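If you count the sequence shown from 1, you need to add 49 to reach my numbering.
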Amino acid sequence: MKQSEVFWNASLSEMKRGFVEESENYICLLCGKTTEKGIIYGKDDIFYDAEKFLKKHIEDIHGSVFEFLIDLDKKLTGLTDHQNRLLRLFYEGKSDNDIRQYLGIGSASTIRNHRFVLKEKERQAKLYLTLMELLKEKDKHKPSFIDIHQTARMVDDRYNVTEEEKDEIVMKFFPEGVLAALQSFPPKEKQRLVVLREIAERFIPEKEYEEKEVNQLLSAVYHDNVLLRRYLIEYGLMNRKSDGSKYWRN
């Protein structure tokens, strides 16, 4: 199962703690790091079981689950920029008066009104989730859409692609298989998304690549490796250091 599937299929309680438990492993929802049950992990002369080590990983690498989620694209969170700022300040434990002064808002009652609006949003979200869960039990004709990766920089109708459509696109542009060369670069955004996701799978998670290595790997896929590299970054499937010295798969 791909990392994005693990993330979107997680329950609310799993989302809150930042990892899921499987029969033999624990998987970080934020990056896909896996620890194996029964293995003892050491760091800084301290030893941890698999679950505690993954919790330590989330704290050290991601800061907190809240920080990771609040940094996601606003089309994923559904938050406005202002709501995002307020939630960050609430999470930091600032009082309404502190926030009023920090944001230059006229009165504390304005902050309380924002809290009320966010509370209403929470209630609506609970009802919506319940409705969707009930719908799953009755809807016999629902299509299976591809997942949205957490690092997506543009969330729009290009993700309106079913699994069946994805398979058709892959067959069209990789007629000899996904490990073979790309026949042509797709002209449509939906097609590009599907193709680029397949190309990103060729990079090993958590491994850093030099630009030369990235170009060599992409040249085996398509003659214009610079084009592929640019689009992988643009679609949030890969990232790089500001000086371009290191690249990695998101």
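Glycine residues also receive a C-beta, built at the ideal position from the N, C-alpha and C atoms.
Just so you know, these numbers come straight off a predicted model, no measurement behind them.
Under the 10 Å beta carbon count, residue 185 is surrounded by fewer than 16 other beta carbons and is classified as exposed.
Here residue 88 has 99 as same chain residues with Cβ atoms under 7 Å from its own Cβ, once five neighbours each way along the sequence are excluded.
Residue 67 counts as buried, since at least 16 other C-beta atoms from the protein chains shown sit within 10 angstroms of its C-beta.
In terms of Cβ geometry, residue 57 and residue 196 form a close pair [threshold 8 Å]. The residues 197, in chain order, have a CB closer than 6 Å to that of residue 208 in the same chain once the five nearest residues on each side in sequence are set aside.
For residue 64, the uninterrupted alpha helix (DSSP H) run begins and ends at 61–66, by DSSP.
An exposed status is given to residue 251, since fewer than 16 other beta-carbon atoms sit within 10 Å of its beta-carbon. Looking at the DSSP output, residue 284 shares a beta bridge with no other residue.
For secondary structure counted as the alpha helix (DSSP H) over 4 or more consecutive residues, the region 192–277 holds these complete runs in sequence order: 212–222, 238–249, 260–268.
Burial state of residue 201 is buried, judged by a 10 Å Cβ sphere holding 16 or more other Cβ atoms. In this chain, the alpha helix (DSSP H) harbouring residue 160 covers 157–187. Note that the C-beta distance between residue 269 and residue 230 is below 8 Å. At a Cβ-Cβ threshold of 8 Å, residue 233 and residue 222 count as neighbours. Residue environment analysis places residue 150 among the exposed positions, since fewer than 16 neighbouring C-beta atoms fall within 10 angstroms of its C-beta. When Cβ pairs closer than 8 Å are counted between the two stretches, the region 157–174 is seen not to touch the region 252–262, the count staying below three. Residue 134 is positioned such that its CB atom lies no closer than 8 Å to that of residue 145. Residue environment: residue 84 is assigned as buried (16 or more neighbouring CB atoms within 10 Å of its CB, all protein chains considered).
Excluding its 5 nearest sequence neighbours in each direction, residue 219 has C-beta neighbours in its own chain below 8 Å: 227, 243, 244, 247, listed in chain order. By the 16-neighbour rule on beta-carbons within 10 angstroms, residue 163 is buried. Where residue 92 is concerned, the enclosing beta strand (DSSP E) starts and stops at 90–92. Counted as a single uninterrupted DSSP element, the alpha helix (DSSP H) harbouring residue 133 occupies residues 130–140.
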